[in-house]
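Chemist: Just so we're aligned: the sequence shown equals residues 56 to 106 in the numbering used here. Beta carbons: idealized from backbone N, C-alpha and C, even for Gly. Predicted, not measured: the structure shown is a model, and the values here were computed from it.
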Amino acid sequence: MRFEIMRLDEVDGTTVDSTVVDAASVNRIVQQAAAIGQRLWIRPAETTPAS
56 MRFEIMRLDE VDGTTVDSTV VDAASVNRIV QQAAAIGQRL WIRPAETTPA S
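1. Mind checking which residues open and close the alpha helix (DSSP H) that includes R83?
2. A100 and F58 look like a contact to me (Cβ under 8 Å); what is the Cβ gap, rounded to whole Å?
3. Taking the straight line between their C-alpha atoms, what separation do you get for R98 and A90?
4. Please name the residue or residues paired with D72 in a DSSP beta bridge.
5. Output the boundary residues of the beta strand (DSSP E) element that contains R94.
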């Protein structure tokens, strides 16, 4: 499963940037964000059906 992780602005909460990662990478990114007090929004990445 893949997830979209969006880094949020500290002041107004708008999305600063986003990336799509696999499930194994989510924990590492969350740990890094927590260490520096960064706000994230994580949601399942939209997938397109295979043809």
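Modeler: By the coordinates alone:
1. A78 to I91
2. 6 Å
3. 21 Å
4. R62
5. Note, R94: premise wrong, no beta strand (DSSP E); not H, not E.
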